[in-house]
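Going letter by letter, the sequence shown gives residues 18 to 189 in our numbering.
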Amino acid sequence: MNIRQTGLTLIELMVTLAVAIVLLAVGVPLFTGLAGSNRATTQANELVAALKLARSEAVNRADLVRVCSSNGGACGGAGDWANGWLVHSDINNNGSFDAGDVLRSWSALAPTSSVAITGGASVAFLATGEANGGYTFELDNSDATGSGSDAAKRCVSVTISGQVRSARGACP
18 MNIRQTGLTL IELMVTLAVA IVLLAVGVPL FTGLAGSNRA TTQANELVAA LKLARSEAVN
78 RADLVRVCSS NGGACGGAGD WANGWLVHSD INNNGSFDAG DVLRSWSALA PTSSVAITGG
138 ASVAFLATGE ANGGYTFELD NSDATGSGSD AAKRCVSVTI SGQVRSARGA CP
């Protein structure tokens, strides 16, 4: 009587395990970098959405609308845009910022992210849709292939005409 044995030999099992280890060693860092790069893109897109919302609201309301760094519920946060930002307008026309003036707010970024702005502490859009100056935001997501890597950076710029653009890499 011939009994056929089925199964894996120790050598086959070791070769399969070695191939799996090599694939994981190559794949996990690539996946981590991809996830971090996607996170950086998402953060830049959220900032672009805030800026475009502010411009649109300024034109619709025929009034000044600002985007500023947030300390939770008001403008502030010592200019640290990584704590979040908000879009507001002086809805009740009392000349000061009130809690009811907030049109929309965004929460803080991941702890490994930072935002550097040049051009001023807040961005204001006039009733014509123009910005009150030129601004550049550089977002750095240090968990995307390490801090300082261009894959981890996004540049969002606002022109004086109010146009908002986003690009990969560091700001020029």
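From the three backbone atoms N, C-alpha and C, an ideal C-beta is built for every residue, glycine too.
With distances taken between CA atoms, A133 lies nearest to A61 out of G50, L25, A61, L51. Excluding sequence positions up to five before and after A116, its CB lies within less than 8 Å of the CB of G90, A91, all in the same chain and listed in chain order.
For A75, same chain residues with a beta-carbon under 7 Å away, outside a window of 5 residues either side, are L81, V82, F142, L143, A144, G146 in chain order.
For C172, the closest of T33, N111, T59, L30 by C-alpha to C-alpha distance is T59. In the same chain as S174, and ignoring 5 residues on each side of it, the C-beta atoms closer than 6 Å to its own belong to T153, R182, in chain order.
Annotation: the continuous beta strand (DSSP E) that includes S131 extends over 130 to 135.
With a beta-carbon spacing of about 6 Å, S130 and A99 fall inside the 8 Å limit used to define contacts.
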